[in-house]
Amino acid sequence: MYSSSSTVPKRVTLIHVLAIQLLLINSELSLNTTNAYLNHKCLVSQGKYKPGSKYEQRLKFIIKRFYSVSNKGYEGFGDSTLSAIIQCRGDSYGPKCHDCFATAFAAVIYLKCILQLRRRCPWYKGRIIWYDQCLLSIDAKYSIGQIDYNNNFCMSNAKKLGGDKFAFIITWNTFMDNLTTLAVDNNTNKLTPFYSAGKTWFKGDMLYGMVQCTIDLNPKACWECMVFNSIHFQHCLNDKRGARFMSRSCTFRFEFYPFLAKHVQNI
(Lines of atoms letter the chains of each structure in order from A and count residues from 1; the text may use other names and numbers.)
(Lines give C-alpha, C1' and ligand atoms only; values in the text may rest on other atoms or scores of the structure.)
Protein backbone atom coordinates (compact mmCIF):
# COMPACT_ATOMS: atom_id res chain seq x y z
CA MET A 1 0.00 0.00 0.00
CA TYR A 2 1.37 3.40 -0.96
CA SER A 3 0.84 6.93 0.23
CA SER A 4 1.63 9.86 -2.03
CA SER A 5 3.20 13.32 -1.76
CA SER A 6 3.45 15.94 -4.55
CA THR A 7 5.69 19.27 -4.76
CA VAL A 8 -1.85 13.87 -15.92
CA PRO A 9 -16.25 17.84 -40.08
CA LYS A 10 -17.05 14.98 -42.26
CA ARG A 11 -19.21 12.06 -41.14
CA VAL A 12 -16.67 9.46 -42.30
CA THR A 13 -13.93 11.28 -40.41
CA LEU A 14 -16.03 11.35 -37.26
CA ILE A 15 -16.70 7.62 -37.50
CA HIS A 16 -12.99 6.97 -37.97
CA VAL A 17 -12.09 9.09 -34.93
CA LEU A 18 -14.76 7.37 -32.83
CA ALA A 19 -13.38 3.96 -33.79
CA ILE A 20 -9.91 5.01 -32.68
CA GLN A 21 -11.32 6.33 -29.40
CA LEU A 22 -13.14 3.08 -28.69
CA LEU A 23 -10.00 1.07 -29.36
CA LEU A 24 -8.05 3.26 -26.98
CA ILE A 25 -10.73 3.00 -24.31
CA ASN A 26 -10.57 -0.80 -24.54
CA SER A 27 -6.81 -0.58 -24.19
CA GLU A 28 -7.21 1.66 -21.15
CA LEU A 29 -9.64 -0.69 -19.45
CA SER A 30 -7.79 -3.92 -20.22
CA LEU A 31 -4.30 -2.68 -19.47
CA ASN A 32 -5.11 -1.07 -16.15
CA THR A 33 -5.10 -4.48 -14.47
CA THR A 34 -1.33 -4.74 -14.98
CA ASN A 35 -0.28 -1.16 -15.74
CA ALA A 36 -1.67 0.96 -12.95
CA TYR A 37 -2.36 4.67 -13.34
CA LEU A 38 -0.18 6.56 -10.88
CA ASN A 39 -0.65 10.29 -11.29
CA HIS A 40 -1.19 13.14 -13.73
CA LYS A 41 -0.50 16.86 -13.93
CA CYS A 42 -2.36 19.44 -16.01
CA LEU A 43 -0.09 22.34 -16.95
CA VAL A 44 -2.83 24.92 -16.47
CA SER A 45 -0.57 27.93 -17.05
CA GLN A 46 -0.08 26.87 -20.69
CA GLY A 47 -3.77 27.30 -21.46
CA LYS A 48 -6.15 25.21 -23.55
CA TYR A 49 -6.42 24.48 -27.27
CA LYS A 50 -9.54 24.42 -29.44
CA PRO A 51 -10.72 21.50 -31.56
CA GLY A 52 -9.45 21.89 -35.13
CA SER A 53 -6.72 24.35 -34.15
CA LYS A 54 -3.15 24.24 -35.46
CA TYR A 55 -2.06 22.98 -32.06
CA GLU A 56 -4.39 20.01 -32.30
CA GLN A 57 -3.10 19.27 -35.80
CA ARG A 58 0.47 19.23 -34.49
CA LEU A 59 -0.62 17.02 -31.62
CA LYS A 60 -2.21 14.51 -33.98
CA PHE A 61 0.98 14.45 -36.03
CA ILE A 62 2.97 13.58 -32.91
CA ILE A 63 0.50 10.85 -31.93
CA LYS A 64 0.82 9.25 -35.36
CA ARG A 65 4.59 9.41 -35.11
CA PHE A 66 4.65 7.89 -31.65
CA TYR A 67 2.39 5.01 -32.67
CA SER A 68 4.99 3.97 -35.22
CA VAL A 69 7.35 3.19 -32.35
CA SER A 70 6.98 -0.50 -31.58
CA ASN A 71 10.35 -2.03 -30.77
CA LYS A 72 12.02 0.65 -28.67
CA GLY A 73 10.64 2.09 -25.47
CA TYR A 74 10.87 5.81 -26.08
CA GLU A 75 10.30 8.65 -28.52
CA GLY A 76 10.65 12.42 -28.36
CA PHE A 77 9.81 15.46 -30.45
CA GLY A 78 10.22 19.18 -29.94
CA ASP A 79 9.81 22.49 -31.74
CA SER A 80 8.85 26.04 -30.78
CA THR A 81 5.17 25.19 -30.30
CA LEU A 82 5.09 21.67 -28.89
CA SER A 83 7.35 19.20 -27.11
CA ALA A 84 6.39 15.62 -26.35
CA ILE A 85 8.09 12.63 -24.82
CA ILE A 86 6.80 9.15 -24.22
CA GLN A 87 9.03 6.69 -22.46
CA CYS A 88 8.43 3.24 -21.06
CA ARG A 89 10.06 1.71 -18.04
CA GLY A 90 13.31 0.04 -19.01
CA ASP A 91 11.95 -3.50 -18.74
CA SER A 92 8.79 -2.71 -20.76
CA TYR A 93 10.00 -2.04 -24.29
CA GLY A 94 8.42 -3.79 -27.27
CA PRO A 95 4.72 -4.76 -27.46
CA LYS A 96 4.14 -4.03 -23.77
CA CYS A 97 5.46 -0.51 -24.29
CA HIS A 98 3.25 0.02 -27.34
CA ASP A 99 0.22 -0.98 -25.26
CA CYS A 100 1.23 1.53 -22.62
CA PHE A 101 1.44 4.23 -25.31
CA ALA A 102 -2.18 3.49 -26.19
CA THR A 103 -3.21 3.68 -22.54
CA ALA A 104 -1.49 7.01 -21.99
CA PHE A 105 -2.93 8.58 -25.15
CA ALA A 106 -6.41 7.30 -24.31
CA ALA A 107 -6.26 8.88 -20.88
CA VAL A 108 -4.71 12.19 -21.87
CA ILE A 109 -6.06 12.97 -25.34
CA TYR A 110 -9.35 11.11 -25.83
CA LEU A 111 -10.56 11.36 -22.25
CA LYS A 112 -13.77 13.23 -23.14
CA CYS A 113 -15.17 9.85 -24.19
CA ILE A 114 -14.21 8.22 -20.90
CA LEU A 115 -16.45 9.36 -18.07
CA GLN A 116 -14.06 8.40 -15.29
CA LEU A 117 -11.19 10.32 -16.93
CA ARG A 118 -12.92 13.64 -17.58
CA ARG A 119 -11.02 15.23 -14.74
CA ARG A 120 -7.65 14.52 -16.37
CA CYS A 121 -6.67 17.56 -18.41
CA PRO A 122 -9.39 17.96 -21.07
CA TRP A 123 -8.08 20.23 -23.86
CA TYR A 124 -5.10 21.49 -21.88
CA LYS A 125 -2.06 22.12 -24.08
CA GLY A 126 0.39 20.85 -21.49
CA ARG A 127 -0.10 17.63 -19.51
CA ILE A 128 1.83 14.78 -18.00
CA ILE A 129 0.54 11.35 -17.08
CA TRP A 130 2.39 8.59 -15.29
CA TYR A 131 1.58 4.88 -15.42
CA ASP A 132 3.44 2.04 -13.79
CA GLN A 133 5.12 1.20 -17.10
CA CYS A 134 5.28 4.49 -19.00
CA LEU A 135 5.31 8.27 -18.94
CA LEU A 136 3.72 10.67 -21.42
CA SER A 137 4.59 14.38 -21.35
CA ILE A 138 3.14 17.02 -23.68
CA ASP A 139 4.38 20.60 -23.39
CA ALA A 140 3.25 23.73 -25.26
CA LYS A 141 6.82 25.03 -25.45
CA TYR A 142 10.26 23.68 -26.23
CA SER A 143 11.40 21.74 -23.16
CA ILE A 144 13.58 19.01 -24.67
CA GLY A 145 16.83 18.57 -22.74
CA GLN A 146 15.69 20.61 -19.73
CA ILE A 147 15.31 19.14 -16.25
CA ASP A 148 11.78 19.59 -14.92
CA TYR A 149 12.12 20.34 -11.21
CA ASN A 150 8.45 21.18 -10.65
CA ASN A 151 6.31 18.32 -11.94
CA ASN A 152 7.14 15.39 -9.69
CA PHE A 153 5.77 13.21 -6.91
CA CYS A 154 6.79 10.44 -4.54
CA MET A 155 4.90 7.39 -3.31
CA SER A 156 6.18 5.52 -0.28
CA ASN A 157 5.45 2.10 1.16
CA ALA A 158 3.22 2.35 4.22
CA LYS A 159 5.49 -0.11 6.07
CA LYS A 160 8.33 1.44 8.00
CA LEU A 161 11.84 0.09 7.78
CA GLY A 162 12.68 -0.16 11.46
CA GLY A 163 16.01 -1.58 12.64
CA ASP A 164 19.33 0.04 11.82
CA LYS A 165 18.27 3.10 9.85
CA PHE A 166 21.78 4.54 9.62
CA ALA A 167 23.14 1.35 8.08
CA PHE A 168 20.30 1.34 5.58
CA ILE A 169 20.98 4.94 4.54
CA ILE A 170 24.60 4.00 3.77
CA THR A 171 23.51 0.92 1.80
CA TRP A 172 20.79 2.85 -0.02
CA ASN A 173 23.06 5.73 -1.00
CA THR A 174 25.73 3.37 -2.35
CA PHE A 175 23.12 1.28 -4.17
CA MET A 176 21.43 4.26 -5.83
CA ASP A 177 24.77 5.85 -6.74
CA ASN A 178 25.80 2.62 -8.46
CA LEU A 179 22.49 2.36 -10.30
CA THR A 180 22.70 5.99 -11.43
CA THR A 181 26.25 5.45 -12.68
CA LEU A 182 25.09 2.43 -14.67
CA ALA A 183 22.11 4.35 -16.08
CA VAL A 184 24.30 7.25 -17.19
CA ASP A 185 26.85 4.88 -18.73
CA ASN A 186 23.96 3.15 -20.53
CA ASN A 187 22.90 6.33 -22.34
CA THR A 188 23.75 4.97 -25.82
CA ASN A 189 21.67 1.78 -25.49
CA LYS A 190 19.19 1.79 -28.39
CA LEU A 191 16.44 -0.04 -26.48
CA THR A 192 16.77 1.22 -22.92
CA PRO A 193 18.93 4.37 -22.68
CA PHE A 194 19.50 5.96 -19.28
CA TYR A 195 18.09 2.93 -17.45
CA SER A 196 19.52 0.51 -14.92
CA ALA A 197 18.17 -1.99 -12.42
CA GLY A 198 19.75 -4.22 -9.82
CA LYS A 199 19.63 -5.78 -6.39
CA THR A 200 21.80 -5.88 -3.28
CA TRP A 201 21.74 -7.48 0.15
CA PHE A 202 20.84 -5.57 3.31
CA LYS A 203 21.02 -7.52 6.57
CA GLY A 204 19.69 -10.76 5.09
CA ASP A 205 17.04 -9.13 2.89
CA MET A 206 17.32 -8.49 -0.83
CA LEU A 207 16.86 -4.86 -1.84
CA TYR A 208 15.70 -4.21 -5.43
CA GLY A 209 16.02 -0.92 -7.28
CA MET A 210 15.83 0.85 -10.62
CA VAL A 211 16.84 4.24 -12.02
CA GLN A 212 15.78 5.88 -15.27
CA CYS A 213 16.10 9.29 -16.94
CA THR A 214 14.20 10.48 -19.98
CA ILE A 215 15.99 10.19 -23.30
CA ASP A 216 16.18 13.95 -23.93
CA LEU A 217 18.62 14.54 -21.06
CA ASN A 218 22.39 14.36 -21.31
CA PRO A 219 24.45 12.34 -18.76
CA LYS A 220 25.18 15.36 -16.57
CA ALA A 221 21.51 16.36 -16.43
CA CYS A 222 20.53 12.78 -15.55
CA TRP A 223 22.90 12.86 -12.58
CA GLU A 224 21.61 16.27 -11.47
CA CYS A 225 17.99 15.14 -11.66
CA MET A 226 18.68 12.06 -9.56
CA VAL A 227 20.76 13.84 -6.91
CA PHE A 228 18.40 16.79 -6.54
CA ASN A 229 15.27 14.69 -6.13
CA SER A 230 16.79 12.03 -3.86
CA ILE A 231 17.67 14.89 -1.48
CA HIS A 232 14.48 16.89 -1.96
CA PHE A 233 12.20 13.92 -1.26
CA GLN A 234 13.96 12.55 1.82
CA HIS A 235 10.71 12.88 3.77
CA CYS A 236 9.18 10.31 1.42
CA LEU A 237 12.17 7.95 1.36
CA ASN A 238 13.42 7.84 4.95
CA ASP A 239 12.49 4.87 7.15
CA LYS A 240 10.43 3.23 4.38
CA ARG A 241 10.53 -0.36 3.14
CA GLY A 242 9.98 0.93 -0.35
CA ALA A 243 9.29 4.08 -2.33
CA ARG A 244 9.15 5.38 -5.86
CA PHE A 245 9.89 8.87 -7.10
CA MET A 246 8.65 10.01 -10.51
CA SER A 247 9.05 13.23 -12.46
CA ARG A 248 8.99 14.45 -16.03
CA SER A 249 12.78 13.97 -16.22
CA CYS A 250 13.83 11.06 -14.00
CA THR A 251 12.52 8.29 -11.81
CA PHE A 252 13.80 5.82 -9.25
CA ARG A 253 12.32 3.09 -7.10
CA PHE A 254 13.40 0.64 -4.41
CA GLU A 255 11.59 -2.25 -2.73
CA PHE A 256 12.33 -5.32 -0.65
CA TYR A 257 10.63 -7.47 -3.28
CA PRO A 258 11.12 -7.88 -7.06
CA PHE A 259 8.91 -5.47 -9.01
CA LEU A 260 10.41 -5.57 -12.51
CA ALA A 261 9.47 -7.90 -15.35
CA LYS A 262 13.05 -8.87 -16.15
CA HIS A 263 15.83 -10.45 -14.10
CA VAL A 264 18.18 -7.98 -12.42
CA GLN A 265 21.83 -8.39 -11.47
CA ASN A 266 23.56 -7.94 -8.14
CA ILE A 267 25.00 -4.45 -7.74
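Numbered by mature numbering (1 follows the signal peptide of the UniProt record, and there is no 0), the letters in the sequence shown go through residues -30 to -1, 1 to 237 in order. A virtual CB, placed ideally from N, CA and C, is assigned to each residue, including glycine.
Spatial distance of residue i from residue j (CA atoms)
| i | j | result |
| --- | --- | --- |
| LYS232 | ARG211 | 21 Å |
| TYR112 | LEU131 | 41 Å |
| MET125 | LEU207 | 9 Å |
| ASP118 | SER219 | 6 Å |
| LYS95 | ILE32 | 13 Å |
| PHE229 | ASP61 | 10 Å |
| LEU13 | ASN199 | 20 Å |
| GLN57 | SER166 | 14 Å |
| GLN27 | ASP147 | 42 Å |
| GLN204 | GLY22 | 45 Å |
| ASP209 | GLY174 | 17 Å |
| TYR80 | THR51 | With a pLDDT of 46 at TYR80, under the threshold of 50, the modelled position of this residue cannot be trusted; read the value that follows with caution. Their backbone Cα atoms lie some 21 Å apart in a straight line. |
| GLU194 | THR151 | 12 Å |
Residue i versus the options, residue with shortest Cα-Cα distance
| i | options | result |
| --- | --- | --- |
| VAL154 | ASP186, ASN127, LYS173, PHE172 | ASP186 |
| LYS11 | ILE237, MET216, PHE224 | MET216 |
| PHE224 | SER107, ILE139, THR184 | ILE139 |
| TYR19 | ARG35, LYS34, ALA110 | ALA110 |
| TRP93 | CYS192, LEU29, GLY133 | LEU29 |
Beta-bridge partners of residue i, as assigned by DSSP
| i | result |
| --- | --- |
| TRP93 | For TRP93, which the question treats as bridged, DSSP gives no partner whatsoever. |
| MET216 | PHE123, THR221 |
| LEU13 | GLY96 |
| TYR178 | LYS169, GLU225 |
Local conformation of residue i per DSSP, three classes
| i | result |
| --- | --- |
| GLN235 | strand |
| residue 262 | With the chain represented from -30 up to 237, any question about residue 262 goes unanswered, as that position is not in the structure. |
| GLN114 | Here residue 114 is Ile; the residue named in the question, Gln, does not match the sequence. If DSSP states are grouped into helix, strand and coil, ILE114 belongs with coil. |
| ALA6 | coil |
| ILE99 | strand |
| LEU173 | Residue identity check: residue 173 is Lys in the sequence provided, not Leu. Three-state DSSP puts LYS173 in coil, outside helix and strand. |
| LYS34 | helix |
| LYS210 | strand |
| LYS18 | strand |
Residue i vs residue j beta-carbon contact at 8 Å
| i | j | result |
| --- | --- | --- |
| PHE145 | THR162 | no |
| ASN156 | CYS70 | no |
| ALA213 | ASN127 | yes |
| VAL181 | PHE222 | yes |
| ARG97 | CYS91 | yes |
| PHE136 | LEU177 | no |
Distance cut-off 7 Å: residue i Cβ against heavy atoms of the ligand PLP
| i | result |
| --- | --- |
| CYS67 | Questions concerning the ligand PLP fall outside what the structure shown contains, since it holds no ligand whatsoever. |
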